[in-house]
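Going down the list, the sequences are from chains A and B. So the first sequence is numbered by the numbering used here: it starts at 26 and just counts up by one. So the second sequence is numbered by the numbering used here: it starts at 26 and just counts up by one.
Protein chains: 2
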Amino acid sequence: MSVLDRVVGRPTWLLSRANARAQALLSDAFSEFGVRGYHFRVLAALDQDGPSSQAAIGHIAGMDRSDVTATIDNLASWGLVTRVLDPADRRRNVVSITDAGVARLKELDATLARVQDAVLQPLTAQERATLLQLLAKLGRGF
Amino acid sequence: MSVLDRVVGRPTWLLSRANARAQALLSDAFSEFGVRGYHFRVLAALDQDGPSSQAAIGHIAGMDRSDVTATIDNLASWGLVTRVLDPADRRRNVVSITDAGVARLKELDATLARVQDAVLQPLTAQERATLLQLLAKLGRGF
DNA sequence: CTCCAATCGTTGGTGCGTCCAACAATACTG
DNA sequence: CAGTATTGTTGGACGCACCAACGATTGGAG
């Protein structure tokens with residue numbers, strides 16, 4: 026027995042276990058590209074909304090501004106995004122995804138899709154739909 | 026729109042959101058006692074199995090030995106557990122929960138139960154049962 | 001009985017995701 | 001113009017989970 030009777034079966038425990046497993050699969054898959062969740066989220070935000078300020082990226086991707094800064098430091102050093110001062114508002118940077126960034130994002134997208142499938146693998150199609158619906162209900166009220 | 030179309034609805038995202046919400050409720054509730062999840066898990070392990078070595082606690086509670094050490098440092102300094110060298114095997118410590126520890130655990134147990142309810146509050150009884158069952162399936166294969 | 005392998009506790013470090021406080025530079029408002 | 005707000009950056013923190021190394025100790029193989 027590897028876990029406590031008092032804890033096993035508790036919703037908070039089951040949620041954290043299931044999430045831990047999903048995140049492990051995800052970060053494993055992403056690590057093959059030397060990338061973390063933050064990198065993907067920023068790339069996806071840029072692909073979706075086009076060139077944006079870092080504050081806008083943070084808002085869209087649900088990240089703190091300071092974390093956006095660090096993440097873009099990485100992405101820029103890898104040539105996946107460019108960061109230039111906004112001439113119209115010199116407080117802002119205009120961050121844009123590069124061709125290499127789009128290509129990498131495409132790979133990450135495919136990887137992400139595979140991970141979703143691996144995560145849900147123990148469930149039938151019916152169960153998957155039910156689970157997602159219930160999780161969505163649980164998520165509202167953040 | 027606060028989140029990415031590409032991410033919302035994805036199982037990994039929903040899981041992490043739902044889990045984040047649950048953990049936030051939990052750590053909020055525990056923080057009123059100045060306690061974290063590790064403290065609860067160690068106290069619960071000791072209450073369940075009686076005086077144990079730190080290695081046994083780690084095994085039962087699913088924690089790394091090093092984290093057990095740090096957690097017991099805290100609990101001992103708060104008077105919730107005692108740690109004495111095992112005369113029968115001087116590599117081991119025998120860790121025991123104190124009366125104060127039992128009392129604290131009782132409070133934490135009640136708190137934990139309230140949190141479970143708060144987490145599941147958006148769901149009907151039927152939905153709760155279904156969710157727990159599906160999460161359990163997902164958790165297997167850790 | 002000796003030597004080697006295994007175990008225990010401890011220290012110190014890594015990683016990820018999340019969050020906060022402070023600061024200088026710049027923009028906007030009254 | 002004065003004061004307020006926003007932006008990016010830096011540096012730090014937290015919680016949970018891991019890992020590597022070390023000395024001390026024990027147990028087993030020969």
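Each residue gets a CB set at the ideal place from its N, CA and C atoms; glycine is no exception.
Could you pull out every residue in the same chain whose Cβ sits closer than 6 Å to the Cβ of residue i, ignoring the five residues on either side in sequence?
i: Asn-44/B; result: none
i: Asp-30/A; result: none
i: Ala-143/A; result: Leu-50
i: Phe-167/B; result: Its pLDDT being 49, under 50, Phe-167/B is placed unreliably in this model, and the value from its coordinates should be taken loosely. The answer is none, since no qualifying residue turns up.
i: Ala-101/A; result: Arg-108
Do you know whose CA, among the options, lies nearest residue i's CA?
i: Leu-71/A; options: Ala-47/A, Gly-83/A, Val-60/A; result: Gly-83/A
i: Gly-87/B; options: Leu-137/B, Arg-46/B, Phe-65/B; result: Phe-65/B
i: Asp-188/B; options: Arg-115/B, Asp-111/B, Thr-107/B; result: Here chain B comprises residues numbered 26 to 167, so residue 188/B is not present and cannot be evaluated.
i: Ala-128/B; options: Leu-105/B, Val-60/B, Gly-34/B; result: Leu-105/B
i: Ser-121/B; options: Thr-136/B, Ala-47/B, Thr-37/B, Gln-73/B; result: Gln-73/B
i: Gln-48/B; options: Thr-37/A, Phe-55/A, Val-60/A, Gly-75/A; result: Thr-37/A
i: Gly-164/A; options: Ala-138/B, Leu-159/B, Pro-147/B, Arg-139/B; result: Pro-147/B
i: Ala-69/B; options: Lys-131/B, Leu-157/B, Ser-52/B; result: Lys-131/B
i: Val-32/B; options: Ser-41/A, Val-140/A, Gln-151/A; result: Val-140/A
i: Gly-75/A; options: Gly-126/A, Leu-39/A, Pro-112/A; result: Gly-126/A
i: Phe-55/A; options: Ala-138/A, Arg-35/A, Leu-156/A; result: Ala-138/A
i: Ile-97/A; options: Ala-161/A, Val-67/A, Pro-112/A; result: Val-67/A
i: Gln-151/A; options: Asp-53/B, Trp-103/B, Arg-115/B, Thr-155/B; result: Thr-155/B
i: Ser-77/B; options: Arg-46/B, Asp-53/B, Ala-113/B, Arg-35/B; result: Ala-113/B
By DSSP, does residue i sit in helix, in strand, or in coil?
i: Val-33/B; result: coil
i: Ser-202/B; result: Not covered by the structure: residue 202/B. The range shown for chain B is 26 to 167.
i: Ser-102/A; result: helix
i: Thr-94/B; result: helix
i: Val-120/B; result: strand
i: Ser-78/B; result: coil
i: Leu-148/B; result: coil
i: Val-109/B; result: strand
i: Asp-53/A; result: helix
i: Val-67/B; result: helix
i: Gly-87/A; result: coil
i: Arg-129/B; result: helix
i: Arg-139/B; result: helix
i: Gly-59/B; result: coil
i: Arg-115/A; result: coil
Closer than 8 Å by C-beta to residue i: which residues in its own chain qualify, once you throw out the five before and the five after it? Chain order, please.
i: Arg-153/A; result: Leu-145
i: Asp-19/A; result: As shown, chain A starts at 26 and ends at 167. That puts residue 19/A outside it, with no answer to give.
i: Met-26/B; result: Low per-residue confidence applies at Met-26/B: pLDDT is 45, beneath 50, and the placement is therefore not dependable, though the value from the model is reported in the following sentence. Excluding residues within five positions, none has a Cβ falling inside 8 Å.
i: Arg-90/B; result: Gln-79, Ala-80, Gly-83
i: Glu-57/B; result: Thr-136
i: Val-60/B; result: Arg-129, Leu-133
i: Arg-42/B; result: none
With a threshold of 7 Å on Cβ separation, who are the neighbours of residue i within its own chain once the five nearest residues in sequence on each side are excluded?
i: Thr-94/B; result: Gln-79
i: Leu-110/A; result: Asn-118
i: Asn-99/B; result: His-64
i: Ile-85/B; result: Ala-70, Asp-74
i: Arg-115/A; result: none
**Asked** Between the region 116 to 128 of chain A and chain B, which residues of the former have CB atoms less than 8 Å from a CB of the latter, in chain order?
**Response** Those residues of the region 116 to 128 of chain A that come within reach of chain B (Cβ to Cβ, closer than 8 Å) do not exist; the list is empty.
**Asked** Closer than 8 Å, Cβ to any Cβ of chain B: which residues of the region 30 to 43 of chain A, in chain order?
**Response** Cβ contacts with chain B come from Asp-30, Arg-31, Val-32, Gly-34, Arg-35, Pro-36, Thr-37, Leu-39, Leu-40, Ser-41, Arg-42, Ala-43.
**Request:** Could you list the residues in the region 58 to 83 of chain A with a C-beta less than 7 Å from some C-beta on chain B, going in chain order?
**Result:** Closer than 7 Å at the C-beta level to chain B, one finds these residues of the region 58 to 83 of chain A: Arg-66, Ala-69, Ala-70, Gln-73.
**Asked** Between the region 148 to 164 of chain B and chain A, which residues of the former have a C-beta closer than 7 Å to a C-beta of the latter?
**Response** So the list reads Leu-148, Glu-152, Thr-155, Leu-156, Leu-157, Leu-159, Leu-160, Ala-161, Lys-162, Leu-163, Gly-164, given in the order they occur along the chain.
**Request:** Return the residues of the region 94 to 105 of chain A that lie within a Cβ-Cβ distance of less than 7 Å from chain B, sorted by chain order.
**Result:** Flagged: no residues at all.
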